[in-house]
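Below: the structure, in structure tokens.
Residue numbers (my numbering): 64 to 373.
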């Protein structure tokens with residue numbers, strides 16, 4: 064895998080909106096926060112564009128991504144927010160330019176489609192972490208900032224991925240596994256099945272998270288991955304945050320843990336849950352495409368290699 068260069072103080076970060084639009088107020092707040100952290104900030108054209116539920120038309124959003132990777136003065140790229148729209152850009156990405164100009168690339172949720180493309184088609188390490196409008200524009204917690212900075216500015220192995228002190232990583236299936244971390248948002252992983260960007264889980268540590276999906280919908284998506292052989296191929300599983308994914312009280316439903324136990328447990332693959340990565344605050348920045356060791360029995364995730372270089 065190709066490692067991007069670690070960010071340094073006064074580096075220029077580009078903000079792009081490859082999915083849904085936000086507001087000028089949030090863009091301003093995000094820029095202010097990132098500037099306070101020591102970066103220069105350049106706002107992409109897509110950030111101020113709107114096309115219904117999209118931040119501008121597909122060509123504009125794709126052009127923003129390609130241009131930010133092409134521009135040598137941009138050292139890192141942070142997505143504005145998720146929502147919807149990144150799958151529409153996959154066949155418009157300039158994969159050669161992206162691969163030849165590796166940069167820190169950060170986002171989550173709908174951005175998962177871009178992570179899959181960059182990890183698998185460009186061999187580029189990317190970062191599942193906080194976004195401009197969704198996180199930096201709000202009351203972002205110190206833990207989230209520290210995890211982000213450690214991931215993108217430190218050209219040394221992160222060593223161990225740890226939750227906030229108040230929240231423990233828990234074990235679903237005991238054991239130890241090793242492999243590259245891949246994945247992201249469950250809905251986007253399933254949305255790319257049957258396409259050239261379908262996730263490769265063979266020998267990997269599969270990370271999944273989601274938000275606002277009822278247990279039966281999580282069940283359906285996990286079942287799709289199971290039928291496609293994705294859980295059979297993995298070395299281990301990392302269950303991240305599943306915000307607002309429990310059924311309303313009184314509704315006939317399995318709870319989320321019952322879904323995990325019914326679908327994932329039978330594979331016997333080392334599995335942890337409650338990893339604070341996903342639609343949560345505070346949030347871990349998780350490098351994707353980096354080799355790690357999962358010690359599920361201990362609830363520990365150790366990084367085997369660096370995510371960035373000098």
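C-beta atoms are modelled at their ideal positions from N, C-alpha and C, and glycine is treated no differently. These numbers come from a predicted model, not from an experiment.
Is residue j closer than 9 Å to residue i when the C-beta atoms are compared?
i	j	result
residue 171	residue 83	no
residue 80	residue 127	yes
residue 76	residue 174	no
residue 335	residue 300	yes
residue 315	residue 342	no
residue 162	residue 68	no
residue 199	residue 92	yes
residue 203	residue 142	no
residue 64	residue 224	no
residue 274	residue 319	no
residue 240	residue 356	yes
residue 235	residue 324	yes
Take residue i as the anchor and find which of the options has the nearest alpha-carbon.
i	options	result
residue 303	292, 315, 244	244
residue 277	321, 293, 297	321
residue 248	190, 265, 222, 292	190
residue 158	142, 168, 129, 143	129
residue 116	70, 155, 86	86
residue 66	250, 181, 97	181
residue 337	355, 354, 359	359
residue 311	235, 218, 279, 251	279
residue 101	71, 108, 92, 344	71
residue 135	74, 292, 90	74
residue 246	226, 267, 138	267
residue 242	353, 363, 108	353
residue 156	178, 137, 213, 138	178
residue 164	149, 313, 187	187
residue 272	258, 364, 251, 291	251
residue 230	149, 218, 363	363
residue 293	283, 313, 269	269
residue 258	106, 153, 88	153
residue 149	124, 137, 265, 238	124
Roughly how many whole angstroms lie between the Cα atoms of residue i and residue j?
i	j	result
residue 256	residue 263	10 Å
residue 184	residue 260	8 Å
residue 297	residue 329	13 Å
residue 111	residue 176	22 Å
residue 216	residue 119	31 Å
residue 168	residue 253	22 Å
residue 221	residue 317	37 Å
residue 121	residue 361	45 Å
residue 227	residue 370	21 Å
residue 331	residue 193	32 Å
residue 326	residue 344	27 Å
residue 132	residue 103	16 Å
residue 378	residue 339	The requested residue 378 is not part of the displayed model; the chain covers only 64 to 373.
residue 94	residue 109	15 Å
residue 238	residue 284	25 Å
Contact criterion: CB-CB distance below 9 Å. Does residue i meet it with respect to chain D?
i	result
residue 267	Within the model displayed, chain D is absent; a lone protein chain is all it includes.
Alpha helix (DSSP H) runs wholly inside the segment 125 to 202, at least 4 long, in chain order:
158 to 163, 175 to 184
Mind listing, in chain order, the continuous alpha helix (DSSP H) runs of no fewer than 4 residues lying wholly within the segment 262 to 341?
Listed in chain order, they are 278 to 290, 293 to 296, 319 to 326.
Would you check if the segment 340 to 360 and the segment 193 to 209 touch, i.e. whether three or more CB-CB distances between them fall below 8 Å?
yes
Just list the alpha helix (DSSP H) runs in the segment 67 to 133, keeping only unbroken ones of 4 residues or longer that don't cross its boundaries, in chain order.
Counting whole runs of 4 or more residues, the segment 67 to 133 contains the alpha helix (DSSP H) stretches 87 to 99, 121 to 133.
Runs of alpha helix (DSSP H) lying entirely within the segment 209 to 256, each at least 4 residues, in chain order
249 to 254
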